[in-house]
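Beneath this line is the structure, given in structure tokens, with notes to follow.
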Amino acid sequence: MTKTETPASNGIVGEQHHDILIGNTTVDYHFPFIDDARFIFSPQKDLILKLAGSENTIPAIQKAMAELGIRNRLSVTRLIPSDDQQWRIIPATGTASRTTSPTSVELLFDPNNQNTVDSLASWGDRQIAHELSHVARMEVTQLHTTLLDALVSEGIGVYYEEFWQGEYAESHWGHILDEQGIVREWDIARPELASLTFDYSDWFYGRQNGHPIYTGYSLGNTIVKAFMDAHPSISIAELSRLPSADIVKEGKFST
Ligand SMILES: [Zn+2]
1350 MTKTETPASN
1360 GIVGEQHHDI
1370 LIGNTTVDYH
1380 FPFIDDARFI
1390 FSPQKDLILK
1400 LAGSENTIPA
1410 IQKAMAELGI
1420 RNRLSVTRLI
1430 PSDDQQWRII
1440 PATGTASRTT
1450 SPTSVELLFD
1460 PNNQNTVDSL
1470 ASWGDRQIAH
1480 ELSHVARMEV
1490 TQLHTTLLDA
1500 LVSEGIGVYY
1510 EEFWQGEYAE
1520 SHWGHILDEQ
1530 GIVREWDIAR
1540 PELASLTFDY
1550 SDWFYGRQNG
1560 HPIYTGYSLG
1570 NTIVKAFMDA
1580 HPSISIAELS
1590 RLPSADIVKE
1600 GKFST
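So this is what it looks like as structure tokens:
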């Protein structure tokens, strides 16, 4: 393990970079937010550092990697998005995340959003769980090639974050549809499941006259939950790598 510490201009010791070996896997951690003026001048700087810095991030990543059986070298970066990437931030949480490749995860937050501290405190580890389920799945398949793959991949992410460490917590995005809504949206999805050109932003983030916001997360979560209810002994490591079609079929959703 190597660790480079740079004094930040606010007197906090900045943690720029850690290389940590977990089992046979090396994880590179980057915390560039520590030298970002938007963090340095945030009135909630100390709280954010505790929640988003290495103290909380590294143990959550380690737990998720062990549970998911991830063996790839991984780069994890916690950052404040640049102005042109600010649109990624979800206003209701002040956070966002991206799995940019099977070896790279970005955890984003906006220090100026009033919901950021609360969501990092209540959901920060679960956000990591969701994202790392994508890393595990990308070992065997692409996440969003078809609508079917997108629903199942995001459904696995939501399932894992909600059941993180055996303490269930309900996400907003995983339960946006009631039972009728699930039936209705599944009927719309069925003929489009194999589509390579489905509208991801409409299915997952909604738009006027399209699907309700977070439809894809809610539908995907319901599909995966039905599968796991029928197969309770399957581990999250196995679930993350199962073919999408099997999860749908064996969860009793008819295509
Ligand atoms: Zn996701």
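Numbering (this note's numbering), first residue to last: 1350 to 1604.
Heads up, the beta-carbon is just placed ideally off N, CA and C, and yes, glycines get one too.
Taking 7 Å as the threshold (C-beta atoms), are residue j and residue i in contact?
i	j	result
T1442	S1468	yes
S1391	P1440	no
H1483	L1496	no
S1593	D1498	yes
S1520	E1534	no
E1516	Y1566	no
L1605	R1437	Past the edges of the chain, shown from 1350 to 1604, lies residue 1605, and the structure says nothing about it.
I1505	I1410	no
P1561	I1525	yes
L1417	A1518	no
V1489	N1570	no
I1398	A1470	Looking at the sequence provided, one finds Leu at residue 1398 rather than Ile. Against a cut-off of 7 Å, the Cβ pair of A1470 and L1398 comes out as no contact.
Would the C-beta of residue i count as close to ligand 1, meaning under 6 Å from any of its heavy atoms?
i	result
E1503	yes
G1443	no
G1506	yes
Any C-beta of chain C sitting closer than 7 Å to the C-beta of residue i?
i	result
L1591	In the structure shown, chain C cannot be found, because there is only a single protein chain.
For residue i, tell me which candidate among the options has the shortest Cα-Cα distance.
i	options	result
T1452	M1487, L1400, F1380, Q1514	M1487
E1599	M1577, A1415, H1479	M1577
W1605	L1542, P1540, S1584	Because the chain spans 1350 through 1604 in this model, residue 1605 falls outside it and cannot be assessed.
S1450	N1421, D1474, N1462, R1475	N1421
T1546	T1494, I1429, V1573, R1556	T1494
D1536	K1574, F1602, R1556, N1405	F1602
R1325	A1445, K1574, Q1463	Not covered by the structure: residue 1325. The range shown for the chain is 1350 to 1604.
Y1554	W1522, Q1529, S1582	W1522
H1479	S1582, A1586, T1374	A1586
Since residue i contacts residue j with CB under 8 Å, what's their CB separation in whole angstroms?
i	j	result
V1466	Q1393	5 Å
L1481	I1419	7 Å
I1369	V1376	5 Å
H1379	S1403	Incorrect: roughly 10 Å between the Cβ atoms, too far for contact.
A1538	L1568	7 Å
Return yes when at least one heavy atom of ligand 3 lies under 6 Å from the C-beta of residue i, else no.
i	result
T1374	As for ligand 3, it is missing from this structure, which binds only ligand 1.
*Can you list the alpha helix (DSSP H) stretches of 4 or more residues lying completely in the stretch 1375–1414, in chain order?*
DSSP runs (the alpha helix (DSSP H)) wholly in the stretch 1375–1414: 1386–1389, 1394–1401.
- prompt: Fully enclosed by the stretch 1447–1512, which alpha helix (DSSP H) runs are 4 residues long or longer?
  reply: 1465–1486, 1496–1511
Completely contained beta strand (DSSP E) runs for the stretch 1420–1446, where each covers 3 or more residues = The DSSP assignment places complete beta strand (DSSP E) segments of no fewer than 3 residues inside the stretch 1420–1446 at 1423–1428, in order along the chain.
_What ranges does the beta strand (DSSP E) occupy inside the stretch 1534–1597, keeping only unbroken runs of at least 3 residues that lie completely in it?_
none
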